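Single-structure report; data block below.
Number of protein chains: 2
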Amino acid sequence: MFEAAELDHKVTKADYKREEAELRRALLQAQRDLAEQQRFPVLVLIAGVEGAGKSETVHLLNEWMDPRFIEVTGFALPTEEEAAHPPMWRFWKALPRKGRIGVFFGAWQTLPILERVLGKLGAGGFARRTEEILRLERMLAAEGVLLVKYWFHLSKAQQKQRIKGLEKDRETSWKVTRYDRVLFERYDEFIEVCEPFLRETSTGEAPWTVVPAADERYRALFVGRHLLGAMRARLDAPASVPAAVSVAASPPPDRVNVIRALDLDQELSREDYEEQLAEAQGRLARATRHRHFGRISVVAVFEGNDAAGKGGAIRRLGAALDPRAYRIVPVAAPTEEERAQPYLWRFWRHMPRPGRFVVFDRSWYGRVLVERVEGFAPEHDWRRAYGEINDFEEQLAARGAVVAKFWLAISKDEQHRRFKEREATPFKQHKITAEDWRNREKWDAYEEAVCEMVQRTSTRIAPWTLVEADNKLHARVKVIRTLAERVEAALKSA
Amino acid sequence: MFEAAELDHKVTKADYKREEAELRRALLQAQRDLAEQQRFPVLVLIAGVEGAGKSETVHLLNEWMDPRFIEVTGFALPTEEEAAHPPMWRFWKALPRKGRIGVFFGAWQTLPILERVLGKLGAGGFARRTEEILRLERMLAAEGVLLVKYWFHLSKAQQKQRIKGLEKDRETSWKVTRYDRVLFERYDEFIEVCEPFLRETSTGEAPWTVVPAADERYRALFVGRHLLGAMRARLDAPASVPAAVSVAASPPPDRVNVIRALDLDQELSREDYEEQLAEAQGRLARATRHRHFGRISVVAVFEGNDAAGKGGAIRRLGAALDPRAYRIVPVAAPTEEERAQPYLWRFWRHMPRPGRFVVFDRSWYGRVLVERVEGFAPEHDWRRAYGEINDFEEQLAARGAVVAKFWLAISKDEQHRRFKEREATPFKQHKITAEDWRNREKWDAYEEAVCEMVQRTSTRIAPWTLVEADNKLHARVKVIRTLAERVEAALKSA
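As structure tokens, then:
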């Protein structure tokens with residue numbers, strides 16, 4: 001979920017200046033259209049870790065847009081008057097009307113999260129508060145409110161660096177408060193509460209967008225661009241689309257993303273490969289034959305670019321496993337029987353019982369990859385799929401399954417080389433079709449879909465492992481080693 | 001919620017025979033259309049109290065319809081195989097495909113409710129399970145599944161009578177199991193768990209329909225008619241309506257309903273009235289001046305037929321209250337400012353702080369009364385309002401508010417008399433308009449809306465009080481006495 005936000009995003013001053021001017025113009029225009037149409041209100045939630053530039057961003061939005069049509073409300077601890085009413089009362093009072101933008105700085109999630117981190121709220125109480133929030137947000141969305149939720153993120157290292165940077169300078173050291181230090185000490189606990197919260201409250205209508213907050217200029221442009229995209233999508237949608245099926249916007253695509261950040265061509269000699277592969281396979285073999293393996297199960301998902309080497313990796317994986325205990329499920333286009341059911345149905349059928357290992361060669365992620373890019377699923381359907389998939393994987397994990405997901409990434413050049421090679425090799429010709437060449441033309445759209453998939457579905461319970469696969473040997477070792485580690489870790493707590 | 005189901009519904013054998021034949025024909029036709037269209041599956045959940053004819057109804061559905069296209073699955077305690085998978089797995093496996101009807105006899109709610117009643121599941125755990133169920137049902141609805149949920153209900157007295165009846169006869173006494181007796185002993189605990197569960201899982205897409213189950217023939221026709229209505233509504237809807245905004249069907253209207261069951265003309269002499277009114281006002285005055293009244297608040301809602309005497313009752317109520325501590329909020333058509341906000345917004349603003357008393361002369365129920373009947377709100381909007389209103393009132397109650405709701409009912413004749421009288425009395429002429437006469441023409445539609453409103457929103461935390469109002473004197477006493485009782489009860493636990 002936070003992988004993309006932790007990359008080293010940077011914008012130069014010159015680039016910022018240039019883009020800012022255009023962005024302000026476009027945001028003002030969107031705001032004018034919003035006020036003119038009077039069709040819906042925009043509600044922006046600003047949340048996230050301490051010191052991640054939340055208030056700076058709020059100032060900026062105010063500066064960029066027409067302040068007469070934007071209302072910022074900050075929510076701290078409830079006042080005596082607020083505490084005398086139901087918790088949601090103060091938020092209702094501050095809702096923006098149609099045609100306006102409301103910015104909630106710290107909203108309904110702030111207190112429950114804080115109380116949970118500080119141990120003042122139990123797991124059950126927190127679940128109830130989460131449910132209330134879900135209901136409220138669902139209702140607002142159904143009432144036509146465009147709900148845009150930003151989660152400002154800093155990694156632990158980035159947070160540490162920020163505090164150190166401020167402390168070093170006498171001019172700024174006063175900015176580091178006791179509160180800052182306490183929160184930093186509890187960074188891990190904080191994330192442990194927030195991550196599942198973000199996952200569970202990221203619905204199709206109102207997902208959280210994680211803002212990479214370390215670089216001030218990048219952060220500003222990110223929020224500006226995203227808010228513009230979200231507003232324009234709704235402003236330009238035909239009025240006939242019911243608010244109930246309207247959808248949120250994607251994070252803006254970026255040259256710096258989790259896929260491009262990979263160094264795809266990892267070195268690994270044939271000799272080292274043989275040795276490392278054998279070692280990883282051995283670890284996995286031992287782990288899956290452990291006497292406690294019967295208490296867990298494994299669901300391994302393989303996705304990747306065409307010709308990225310999924311099949312080869314799966315074969316090496318199989319070699320480490322007891323043939324009676326594992327199964328490979330190849331996933332193609334749904335059959336007529338499968339199309340007659342909810343899209344997750346065909347995957348539920350294959351979920352392993354304890355002691356079993358199941359490998360999906362492509363998976364339920366087709367919904368947010370090929371079905372999204374090719375337009376097979378309408379936008380409101382693939383949008384809600386992120387949350388539904390997280391739910392699904394959470395249920396598997398809760399029953400003891402290790403859910404391991406691999407994205408095998410190759411470069412566009414490497415893919416071209418492999419396609420050509422397949423065409424030239426008689427026994428490989430069946431593996432390359434006109435469709436593969438067509439998919440290749442949509443490279444950028446797929447890349448965007450993969451980045452959003454990782455952002456929305458890489459969770460602590462079921463993280464994505466991004467595998468640099470230009471060198472197949474490296475890819476195979478990384479896959480099997482990761483699986484061995486995941487299974488070993490699960491056995492420890494089984 | 002259960003008021004309508006506890007009325008004395010009866011169907012004679014002859015009436016049953018006549019209607020059954022027609023119903024079977026229509027159900028078979030609907031089933032054929034379903035199979036032909038192949039657009040969506042129907043999933044019927046059968047749940048409720050023990051001995052309420054659930055299995056008989058399932059048999060009947062099988063008998064009435066074409067068994068080749070209906071699949072009944074009974075869910076008891078999970079088998080070893082089922083227990084080895086996530087709890088939802090066995091339900092996924094049994095989902096009906098498009099064009100078919102699936103009947104789940106005991107579904108995902110059975111175990112959590114049972115475990116909660118038996119104390120094996122805490123409040124937090126139950127909240128989590130409820131949330132999982134909500135997500136699953138929401139997803140199924142979004143995937144196009146027509147989800148029809150029946151809750152078979154018997155009042156405690158009806159349950160007692162059933163057990164006694166069976167025990168009396170040697171031929172049937174074996175039917176009363178130990179389980180039956182245990183559950184009867186825990187009837188109140190069972191309802192205490194089920195009622196909030198039904199409330200929270202009655203969403204716009206998939207509300208529970210409570211089945212009056214005491215009379216075998218009535219019960220059968222009720223389910224048959226409702227299922228037919230639900231299927232026909234979806235079958236006949238244009239394919240362009242997205243499944244996400246499709247809605248569930250209302251319970252079938254009935255001559256025996258909570259409104260018609262009232263004896264509207266209650267006797268009360270002027271003399272007795274003076275005495276009883278003074279006594280009720282005194283009780284209320286004392287209760288609202290109690291030193292602990294500062295810990296609670298009161299939200300009193302008045303709805304009723306036109307000319308039912310809401311104003312008169314509210315005036316007598318006001319006479320008992322400290323003018324500094326109460327406020328009357330008259331609710332008319334929303335202003336332009338209010339229309340620019342979610343519909344509950346204008347009511348949230350008026351929610352009282354502790355120690356205050358607020359009276360709504362008409363209320364948020366306009367959404368499911370006038371807006372429904374007059375078509376001001378689209379069906380999927382007023383349908384989801386039931387759940388949203390329950391949420392809203394739950395939040396008020398959780399913060400210590402007494403939520404008391406009154407429906408003042410008069411007969412059609414009495415209304416006519418009052419309208420004529422208003423027209424003939426100069427100082428009352430302003431109270432009667434052409435609109436009042438127009439509304440009157442939709443008497444039956446309003447009655448249906450009121451019955452459904454009571455069924456869906458009369459909850460333990462915020463029950464409706466139905467007030468027989470042909471005799472205004474009786475109505476006023478009943479209103480003020482009820483309020484006094486509610487406030488006294490709240491003070492006891494404050």
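Heads up: the sequence lines are chains A and B, in that order.
Note that the UniProt record's numbering gives residue 278 to position 278 of the first sequence, counting from 1, and the numbers run on in steps of one.
Note that the UniProt record's numbering gives residue 356 to position 356 of the second sequence, counting from 1, and the numbers run on in steps of one.
All C-beta atoms, glycine included, are put in the ideal place defined by N, C-alpha and C.
Nothing here was measured: the structure is a model prediction, and the numbers come from that model.
Inset, instruction - Please decide whether residue 341 of chain A counts as near chain B, where near means a Cβ-Cβ distance under 8 Å. - result: By this cut-off, residue 341 of chain A is an interface position.
Inset, instruction - Can you grab the Cα-Cα spacing for the pair residue 488 of chain B / residue 389 of chain B, in whole Å? - result: Rounded to whole angstroms, the gap between the alpha carbons of residue 488 of chain B and residue 389 of chain B is 25 Å.
Inset, instruction - Return the residue from the list A:28, A:314 and A:368 that minimises the CA-CA distance to residue 228 of chain A. - result: Out of A:28, A:314 and A:368, the CA that lies nearest to the CA of residue 228 of chain A is found in A:28.
Legend entry - Straight-line gap, residue 82 of chain B to residue 232 of chain B (C-alpha atoms, nearest Å): Cα to Cα, the separation comes out at about 35 Å.
Inset, instruction - Would you identify the three-state DSSP class for residue 322 of chain B, choosing helix, strand or coil? - result: Collapsing the DSSP output to three states places residue 322 of chain B in coil.
Legend entry - the segment 202-209 of chain B in contact with the segment 374-391 of chain B per 3-pair CB rule at 8 Å: Touching, yes.
Legend entry - Residue-chain proximity (residue 388 of chain B, chain A), Cβ-Cβ < 8 Å: At a cut-off of 8 Å between C-beta atoms, residue 388 of chain B counts as an interface residue with respect to chain A.
Inset, instruction - Can you tell me which of the three DSSP states residue 361 of chain A falls into? - result: The answer is strand: DSSP assigns residue 361 of chain A an E or B state.
Legend entry - Closer than 8 Å at the beta carbon, the chain B residues around residue 85 of chain A: Residues of chain B whose Cβ lies closer than 8 Å to the Cβ of residue 85 of chain A are, in chain order, 351, 353 and 399.
Legend entry - Cα-Cα separation, residue 58 of chain A to residue 48 of chain A: Pairing residue 58 of chain A with residue 48 of chain A, the inter-Cα distance amounts to about 13 Å.
Inset, instruction - Evaluate contact between the segment 418-429 of chain B and the segment 344-360 of chain B, counting only Cβ atoms and requiring at least three cross-stretch pairs below 8 Å. - result: With contact defined as three or more Cβ pairs closer than 8 Å, the segment 418-429 of chain B and the segment 344-360 of chain B are not in contact.
Inset, instruction - State buried or exposed for residue 161 of chain B, treating a residue as buried only when at least 16 other CB atoms are found within 10 Å of its CB. - result: By the C-beta density criterion, residue 161 of chain B is exposed, having fewer than 16 other C-beta atoms within 10 angstroms.
Legend entry - Contact set for residue 167 of chain B: own chain, Cβ-Cβ below 6 Å, skip 5 residues either direction: Excluding the 5 residues flanking it on each side, residue 167 of chain B has same chain C-beta neighbours closer than 6 Å at 173 and 176, in chain order.
Legend entry - Bounding residues of the beta strand (DSSP E) (the contiguous stretch that carries residue 120 of chain B): Where residue 120 of chain B is concerned, there is no enclosing beta strand (DSSP E), given that its DSSP letter is neither H nor E.
Legend entry - Alpha-carbon to alpha-carbon, residue 69 of chain A and residue 216 of chain A: Per the coordinates, the alpha-carbon of residue 216 of chain A lies some 25 Å from the alpha-carbon of residue 69 of chain A.
Inset, instruction - Return helix, strand or coil for residue 533 of chain A, following the three-state DSSP convention. - result: In the structure displayed, chain A extends from 1 to 494; residue 533 of chain A sits before or after that span and is not available.
Legend entry - Beta-ladder partner(s) of residue 102 of chain B, from DSSP: Residue 102 of chain B pairs with B:43 and B:71.
Legend entry - Straight-line Cα distance separating residue 252 of chain A from residue 468 of chain A: Computed Cα separation, rounded: 24 Å.
Legend entry - Extent of the continuous alpha helix (DSSP H) to which residue 35 of chain A belongs: Its alpha helix (DSSP H) spans residues 13-37.
Inset, instruction - Would you please state the rounded distance, in angstroms, between the beta carbons of residue 408 of chain B and residue 280 of chain B? I believe it to be under 8 Å. - result: Contact flag wrong, Cβ pair sits at about 16 Å.
Legend entry - Beta carbon of residue 300 of chain A nearer than 8 Å to that of residue 483 of chain A: Contact: yes.
Inset, instruction - Hey, could you find the ends of the beta strand (DSSP E) residue 303 of chain B is sitting in? - result: Start and end: 297-304.
Legend entry - First through last residue of the alpha helix (DSSP H) which encompasses residue 89 of chain B: 89-93 is the extent of the alpha helix (DSSP H) around residue 89 of chain B.
Legend entry - Cβ of residue 231 of chain B within 8 Å of any chain A Cβ: No, no contact with chain A.
Inset, instruction - Flag residue 45 of chain A as yes if its beta-carbon sits less than 8 Å from any beta-carbon of chain B, otherwise no. - result: Between residue 45 of chain A and chain B, the shortest Cβ-Cβ separation is not below 8 Å.
Inset, instruction - Could you run through the segment 137-161 of chain B and flag, in chain order, every residue whose CB is less than 9 Å away from some CB of chain A? - result: Considering only beta carbons, the part of the segment 137-161 of chain B lying closer than 9 Å to chain A consists of 138, 139, 140, 142, 143, 144 and 145, in chain order.
Inset, instruction - Excluding the 5 residues preceding and the 5 following residue 107 of chain A in the sequence, name in chain order all residues of the same chain whose CB lies nearer than 7 Å to its CB. - result: The answer, listed in chain order, is 45, 47, 75 and 91.
Inset, instruction - Entirely within the segment 408-477 of chain A and at least 4 residues each: give me those alpha helix (DSSP H) ranges in chain order. - result: Listed in chain order, the complete alpha helix (DSSP H) runs (minimum 4 residues) inside the segment 408-477 of chain A are 412-424, 434-441 and 443-457.
Inset, instruction - Anything in chain B within Cβ reach of residue 395 of chain A, meaning under 7 Å, just list it in chain order. - result: Those are 86 and 88, listed as they occur along chain B.
Inset, instruction - For residue 433 of chain A, count neighbouring Cβ atoms within 10 angstroms of its own Cβ and tell me buried if that reaches 16, exposed if not. - result: Exposed.
Inset, instruction - Kindly indicate which three-state DSSP category residue 386 of chain B falls into: helix, strand or coil? - result: If DSSP states are grouped into helix, strand and coil, residue 386 of chain B belongs with the helices.
Legend entry - residue 172 of chain B in three-state terms, based on DSSP: Residue 172 of chain B: coil per DSSP, three-state reduction.
Inset, instruction - In the DSSP assignment, find the unbroken alpha helix (DSSP H) run with residue 58 of chain A in it and report its ends. - result: Element bounds for residue 58 of chain A: 54-64.
Inset, instruction - May I ask which residues mark the beginning and end of the beta strand (DSSP E) holding residue 288 of chain A? - result: Taken as a continuous stretch (DSSP letters only), residue 288 of chain A belongs to no beta strand (DSSP E), being part of the alpha helix (DSSP H) at 270-288.
Legend entry - Chain-order list of residues whose beta-carbon lies under 7 Å from that of residue 314 of chain B (same chain, five-residue window excluded): Excluding positions up to five away in sequence, the list reads 302, 328, 359 and 361.
Legend entry - Nearest candidate by alpha-carbon position, reference residue 451 of chain B, set B:393, B:441, B:419 and B:373: If we check each option's Cα against that of residue 451 of chain B, B:373 comes out closest.
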